[in-house]
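Structure, as structure tokens:
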Amino acid sequence: MACQITEIAQVTAISSVKAKLTLNEFEAREEPIDDFDPDNWNWEETSQGSSSATSAVSASRESSQWLQKSIVSLSPSGKILVLAHGKQLVVLNAFLSSREQTREPVTEYNVTSHGNICQPGEEITAVLCLPLISQLNRSSIGTEWTCIAVGFSSGFVRFYTEDRKLLAEQEFEKEPVLYLKCQSFKRAAHSSAQEQPEELYVVYSGSVVTLPGFSLFQTLRGCRNQLARVEGNGSGSVEAPPLVHTKWGFAEQDQVNDCQVIGLPPVNTYDHLLTASLYGGFEATAKSSAPAHDLVIAIGRKPYIGYHYTIKGATQPLIVGVAKAVSNAFNSTQGFLSLKSYFTGSKPAPEKKPPKTIEPAEPMSCRFGLCDLWRQGEAIVISPNKMLSVVCDSLGRVILLDNSSGVVVRMWKGYREAQCGWIEVRDPATKQSSSSGSKSKSRPRTALFLVIYLPKKGIIEIWAMQNGPKVASIVVSKEGRLIYTNYGHVGVNNVPVKGSSHSLFPCVYLHPDGAISNITVPFHFALSAQNNKQAKDIHLLKKLRSILKACKHEEEEEYVEAAVLDIANLIKDLSCCEAALQAMDVLLASKHTKSYFILVAVDVILGEPETGSTEENEHNYKTLKHTCRQLQKLIQFFNFLQEQNKNPPSYDSVVSSDTVTVNALSVDLLTSEQEMDTLFTLVNEVCEQSSGLGSGGRVTFQNDESSILMEFLSCFDLGSFSSADQRCIVLRKDVPDETVKRIAMTVFQDWLHGDNSTSEWMNQADASGIHAQSFLLLALHFWLQVQHKSPPNISLSTVLASDMLQLNALLNNICTLAGEGEITIDTNELSPWWEEPRRILFSATQPLKALTASYVCRGVNLKIEMKLGTKVETKSTSSDVPMDISGEEASTADWEELSMDTVQWNVLLRQLEDLAVLDFVLQQKIKVVVNPLPRTLKWKHTPVSLQLVMDKGKGSISEYVAYWIGTTGLHPKMLVEYDKKLQEEVVSPDKREPEAAEEAAAVDPKALQVLENIQRLRKHFPVSLQCNPLLACLFWEFIQDRAQLITTPEVASAAIVVLHAIPSLALRQGMCSLLWSLYLKQDLEKISKFFNKKTLPSLENIGYYPRHVFEDIGHSEAKLTSYLYFCVQFLDTYFEAAEDESGTAKKAVNLSESIWTNTNASPSLSEIALSKPKVNFGLLELHLQLVTVLYMVVSFDMKMPSLVSSLFDSAGQAAFFLELHANPRLPSHNPSTKLSNTRTHFLLKVISLSMQNVVLIETDNFSEVSIW
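Put into structure tokens, the structure is as follows:
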């Protein structure tokens, strides 16, 4: 792995960001170029063109250097990016989005807040993002919110929220803020080190201010809470207390451009005594221990680098403080006026509040420094461990400084305007050893790298510290910006949180086009020796990748042989097991790998002796050997399959000459002939609709053998070397279904119709190391997708019977591969061997194919039980044996012992048989011609599986069939009448059974076909397909598409027809209650509020909603007249259903099938509807009156402000749109005279308008007459 600069985010709308920062002024400076007259200067044309081009280039360059003019700060969490220039501040937040080309998630920074935050005469000079850690979960890192600290040219430091709301401010000096720096809390790394507290540093040219993090961030949290309360109350202001701080001044340095607070250096007795003797001379006395002091390194001029020390606990003399206080009092205006008033006796005039005095800084002593009169320090960046610092100066040098000794360790020349940062990398080998549970606790090795960005050259250089070489040089843009973040989350309150002191992206590069790239350096670049094994292995891995890429274009035999030889030699030269494992990963991940490439690498690794004696090396060595052995087995088996599949099957293998009878198949599968007859009858019916049995889609294979091999190997888990089973290769659980299907086709493609030897395939499968359970699962996946087609003169039943025998033989052979203890047979327990196969068949979306596989699996299971000595007879597995339901106690001889697996297979077979019939019916496309529904549903392919049915709940069967009925257009009255006829025929056995069907056939043969299919399904689902739940689900299918219900009158009409046809009044009332509470209640409440306004806008189109009402409802062009007509019809139906108060209708509706009952299953639609409480008859009538009034108003375009208030009293208005089962106070039957007159006037107006629509039509067509 090499040093990389990878894009991690993108700033969107760069031009907009530049405009908000007022950095687009260069465009205005281009305009005067064309305004001046060159003739006034008597210049030649060549000089004109040269001047214009030079101006344009300089303007373009000035535009591209906008990042150099801006102040940039990136949050350590990566969530906030802040840019500032002049008076403008722009805050960008990180969002996840997907690219259109690759659909990969990418981080984008979008502008969330911007504006001018400066006072008059101020400019922004420094910005810093402070992410405060979440206080809810302290065990993990999480940002609660981000505070933005901003320094100004006036000396103020202000703290803002993410949306630029001021929290606190304070002025520490009367000069511009140079830098804002932060230090996160970090616990002591060892016993002699010091704990690093949270602190915020404000750097001025003459002093540095330290704000303790504990008090600062508690204050900011309190201000943010106070701001939230102020915004909630709508009044008040945020009053922040003075910030606790200490200020130290640079009294012995002429000019300071930047500084870095090192803190308390490590205690060293020798250095303490040496400093005391040098400072005090021969007769100096020194204390036994060094006083506590902080080190501040300042850079600038005279000296170039100064070492300043602060003595902790030192205070000014009392007399000095008194003198300063008196001096400040006399110098202030208020103090002078107070003295004047004392002597003259006059009262001073009211004056403005004097400005707050700024306390002076405590001077620091500069013990020593580096003096260079010609050199001036510009910036200093400290390393993460605070041992080193890098200084950039005015002469284009970058100097590496030892902080403890003050010695210049290294210097780079020719680095003008350089930007520096640090990257600390931990050894990955140390992480692995610590995670593997090693007993030896050692500190992890870390490497330090210096990153230098040179804008003049457009490159980023990375150097190993302290005296290491340059490890990388990356070409980038000359107008970018290097952002170094040396702190992490703040606000931890001196409580260590793992990972909180580090930045997520410590060193990033911001491109001028807005792209943000992270710089990463591998640990091995810090290793010093040129013959280092790890560095050598990295080089060999790079060479291996280049060899594989070259194989893409070279297919000649000579080149392939050379590549095989190169790979073999390269694998031999690898020194460590980790590198060999990485080499195998490279071979397995490459798209251009050949099988013989992996085999030669495996042979080389397996032929080498063991190296290393440590526990870690031994573990890696065993893992490598195990991986190679398993890969060798898989590739050999894959090559065998490829050779088998190349040979096309002969005609005799595809079309068997021996006819397989149903009797022979039932004997072989240990099942009854009646079960096989039922199965093949359904198969023949399916064949009448399609040309074959199986999936219509084809499994596509890639032509490249390398791609097929890589896909084949990626599907298997190689297991662990500690496994005792030799066949420990298992199928991975996270492989996509399409990939598993292709692998299954590759493994078993030759089994059904191949000419190859079965014993040879069994030997190769046994030697492959693949677990027998994986072969069983792949065989079922293969069977579910293979398509059975009958050749001419041969029925599909014969072909399917032959294929089922082949599958039976295959599963029997796979079971022989399993060990003796893998297939366990116990009467009272389920065998783990069959659990996963049952799950695959349970979730298969082809029930008929799953049914055939289940018969085969049950037969194999019975044979295994008989072989292992379990007493199981064939007749006991047949479902056609009638059970004794007389209630008499059966004798002991009548009981037969069945295993739990046999019982589970029997249950699964019955369920799959029912579902296969359902799937057969749902795939039929039928359209009723005579008297269909006003609107039919769109037919679509509906995949059905037992898993889907169970997940959807108890009403899933009713929903499937109801939707299919909606696609046919069958009128619900025909279904109700058909059921009545059938019930009458059951009661009167003298009548012929098909009488109801004949009456339906006389109307429409398509309708007869639909009714026959429903009756056939009722034999399998007698409860779920009753008329009541079917019509309830059909009604819900029509009304659940809310947009169609409003915009399409036919859909509403069809829904009302189905609702009227529901036989059970209780169920009808429950469905009405569901529709009212979910949809209609909210819509009608919005409509009534609109028409109850005192002033109504003019309606441009009669019968249409106003546009803003549509926006509230969510539809833009719905017809209000037809929608309200639907509501009137609905409430009429609801009113009719509510009149039945006997409650007997609820007893007539069963809820679900007993076989599908699941304690965790969701209730059916009928159960939900019947659980609704009984409606208040008077309240329902009141809403019917309201909707009728609204329909009248919209139909005749009547202008009547305050409609609801005018026609209904206060009791009625208060009762509107409550729950219909509530019992509020209803309007009186004796309204007031005013209300009665208003209602009479309204009704007379409605009658008058309705009579105007009545016209004389002499023809027989009365469809044009209005309903009124």
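Position 1231 (the sequence shown) corresponds to 1231 in UniProt numbering; numbering is contiguous.
Beta carbons: idealized from backbone N, C-alpha and C, even for Gly.
Source: prediction; values computed, not measured.
- prompt: Is it true that the CB of G155 sits closer than 8 Å to the CB of E173?
  reply: Translated into the one-based positions of the sequence shown, residue 173 becomes position 173. Translated into the one-based positions of the sequence shown, residue 155 becomes position 155. In this structure, G155 lies closer than 8 Å to E173 by Cβ.
- prompt: Got a sec, what are the start and stop residues for the beta strand (DSSP E) L211 sits in?
  reply: Position 211 of the sequence shown holds residue 211. Element bounds for L211: 207–212.
task: Leaving aside the five residues before and after M1192 along the sequence, list all residues of the same chain whose C-beta is less than 6 Å from its C-beta, in chain order.
output: Reading the sequence shown from its first residue, position 1192 is the one you call residue 1192. Answer for M1192: V1246, listed in chain order.
- request: Report the three-state DSSP secondary structure of E252 (helix, strand or coil).
  value: Residue numbering aside, residue 252 sits at position 252 when the sequence shown is read from its first letter. Reduced to three states, the DSSP call for E252 is coil.
- request: Would you be able to state if there are at least three C-beta pairs under 8 Å between the stretch 671–685 and the stretch 810–825?
  value: no
message: For M584 and K542, what's the separation of their Cα atoms in angstroms?
response: As a working note, residue 584 is residue 584 in the sequence shown. As a working note, residue 542 is residue 542 in the sequence shown. Their Cα atoms are separated by approximately 13 Å.
message: Quick check on the DSSP output: what are the complete beta strand (DSSP E) runs of length 3 or more inside the stretch 799–850, in order along the chain?
response: none
- prompt: Quick one: what's got a C-beta closer than 6 Å to A276's C-beta in the same chain, skipping five residues either side?
  reply: To locate residue 276, count along the sequence shown from 1; it is residue 276. Correct list, in chain order: A284, A286.
query: For Y415, which residues from the same chain have a beta carbon less than 8 Å from its beta carbon, with the 5 sequence-adjacent residues on both sides left out?
result: The residue you call residue 415 lines up with position 415 of the sequence shown. Excluding positions up to five away in sequence, the list reads C392, G396, R397, V398, I452, L454.
task: Check the DSSP bridge columns for C366 and list the partner residues they point to.
output: Position 366 of the sequence shown, counted from the start, is the residue given in the question as residue 366. C366 is bridged to H308.
query: Which residue comes first and which comes last in the alpha helix (DSSP H) that contains R1068?
result: Counting from one through the sequence shown, the residue named residue 1068 turns up at place 1068. Looking at the DSSP string, the run of the alpha helix (DSSP H) that includes R1068 is 1065–1075.
- prompt: DSSP three-state call for W422: helix, strand or coil?
  reply: Position 422 of the sequence shown, counted from the start, is the residue given in the question as residue 422. Note: W422 maps to strand in three-state DSSP.
- request: Spell out a yes or no on whether the stretch 1221–1228 and the stretch 1164–1184 are touching, meaning 3 or more CB-CB pairs, one atom from each, closer than 8 Å.
  value: yes
- prompt: Helix, strand or coil for E378 per DSSP?
  reply: Counting from one through the sequence shown, the residue named residue 378 turns up at place 378. Here E378 sits in strand by DSSP.
task: Using the DSSP secondary-structure output, state which residues sit across from T90 in a beta bridge.
output: Along the sequence shown, one-based indexing puts residue 90 at 90. In the sequence on display, residue 90 carries Val and not Thr. According to DSSP, which records beta bridges pairwise, V90 is partnered with L83, H114.
message: Applying the 10 Å Cβ sphere with the 16-neighbour rule, what's the burial state of G514?
response: If you number the sequence shown from 1, residue 514 lands on position 514. The residue is buried, with at least 16 neighbouring Cβ atoms inside 10 Å.
task: Return the CA-CA distance between residue 1272 and K386, expressed in angstroms with no decimal places.
output: Because residue 1272 is not part of the residues shown, which for the chain are 1 to 1268, the question remains open.
task: Quick one: residues in its chain with C-beta nearer than 7 Å to the C-beta of N1092, no 5 flanking neighbours on either side, listed in chain order?
output: Working through the sequence shown from its first residue, we reach residue 1092 at position 1092. Cβ neighbours of N1092 beyond the five flanking positions: S1202, L1203, V1204, S1205.
message: Just to confirm, is the Cβ distance from A240 to L167 under 8 Å?
response: Taking the first residue of the sequence shown as 1, we reach residue 240 at position 240. Taking the first residue of the sequence shown as 1, we reach residue 167 at position 167. Taking 8 Å as the Cβ cut-off, A240 and L167 qualify as a contacting pair.
message: Measuring straight from C-alpha to C-alpha, what distance separates residue 1284 and A379?
response: Absent from the model: residue 1284. The displayed extent of the chain is 1 to 1268, so no value can be given.
query: Cβ atoms of T746 and L641: under 8 Å apart, would you say?
result: Walking along the sequence shown from the start, residue 641 turns up at place 641. Walking along the sequence shown from the start, residue 746 turns up at place 746. Going by C-beta atoms, L641 is nearer than 8 Å to T746.
C-beta contact flag for I825 and E760 at 8 Å: As a working mapping, residue 825 is identified with position 825 in the sequence shown. As a working mapping, residue 760 is identified with position 760 in the sequence shown. No, the Cβ-Cβ distance between I825 and E760 is not below 8 Å.
task: Report buried or exposed for L970, applying the criterion of at least 16 other Cβ atoms within 10 angstroms of its Cβ.
output: Sequence index remark: in the sequence shown, residue 970 carries index 970 (1-based). So L970 ends up on the buried side.
field: Cα-Cα separation, F185 to S97
entry: Counting from one through the sequence shown, the residue named residue 185 turns up at place 185. Counting from one through the sequence shown, the residue named residue 97 turns up at place 97. Taking the straight line from one Cα to the other gives about 33 Å.
message: Give me, in chain order, the residues of the same chain whose beta-carbon lies closer than 8 Å to that of N645; leave out the 5 immediate sequence neighbours on both sides.
response: Working through the sequence shown from its first residue, we reach residue 645 at position 645. Around N645: T746, Q749, D750.
CB contact flag (P847, V944, <8 Å): In the sequence shown, the residue the question calls residue 847 occupies position 847. In the sequence shown, the residue the question calls residue 944 occupies position 944. Result yes, Cβ atoms of P847 and V944 sit closer than 8 Å.
- prompt: Residues in its own chain within less than 7 Å of D979 by CB, not counting five upstream and five downstream?
  reply: As a working mapping, residue 979 is identified with position 979 in the sequence shown. If we look at D979 and ignore the five residues flanking it on each side, its Cβ neighbours are C1027.
field: Cβ shell of A916 (< 7 Å), same chain only, five flanking positions each side left out
entry: As a working note, residue 916 is residue 916 in the sequence shown. Counting only Cβ-Cβ distances below 7 Å, and skipping sequence neighbours, we find L682, P847, L848, L851.
query: In terms of residue numbering, what span does the alpha helix (DSSP H) encompassing E1181 cover?
result: Within the sequence shown, residue 1181 is the residue found at index 1181, counting from 1. It spans 1177–1195 - the alpha helix (DSSP H) in which E1181 sits, taken as one unbroken run.
- prompt: So D294 is in the beta strand (DSSP E); what residue range does that whole segment cover?
  reply: Against the sequence shown, residue 294 aligns to sequence position 294. 293–301 is the extent of the beta strand (DSSP E) around D294.
message: Tell me the DSSP secondary structure of P76 in three-state form.
response: For the purposes of this step, residue 76 is taken as residue 76 along the sequence shown, with counting starting at 1. Correct three-state label for P76: coil.
message: Just to confirm, is the Cβ distance from F250 to H308 under 8 Å?
response: The residue given as residue 250 occupies position 250 in the sequence shown. The residue given as residue 308 occupies position 308 in the sequence shown. Yes, Cβ-Cβ distance for F250 and H308 is below 8 Å.
- prompt: For Q785, which three-state DSSP category applies?
  reply: Translated into positions along the sequence shown, residue 785 becomes position 785. If DSSP states are grouped into helix, strand and coil, Q785 belongs with the helices.
- prompt: What three-state label does DSSP hand P882 in the structure shown?
  reply: Locating residue 882 in the sequence shown gives position 882, where the first residue counts as 1. Per-residue confidence for P882 stands at a pLDDT of 38, beneath the threshold of 50, marking its modelled position as unreliable; no derived number is given.
message: Mapping the DSSP letters down to three states, classify L565 as helix, strand or coil.
response: As a working mapping, residue 565 is identified with position 565 in the sequence shown. Three-state result, L565: helix.
8 Å Cβ cutoff met for F920 and E685: Working through the sequence shown from its first residue, we reach residue 920 at position 920. Working through the sequence shown from its first residue, we reach residue 685 at position 685. In this structure, E685 lies closer than 8 Å to F920 by Cβ.
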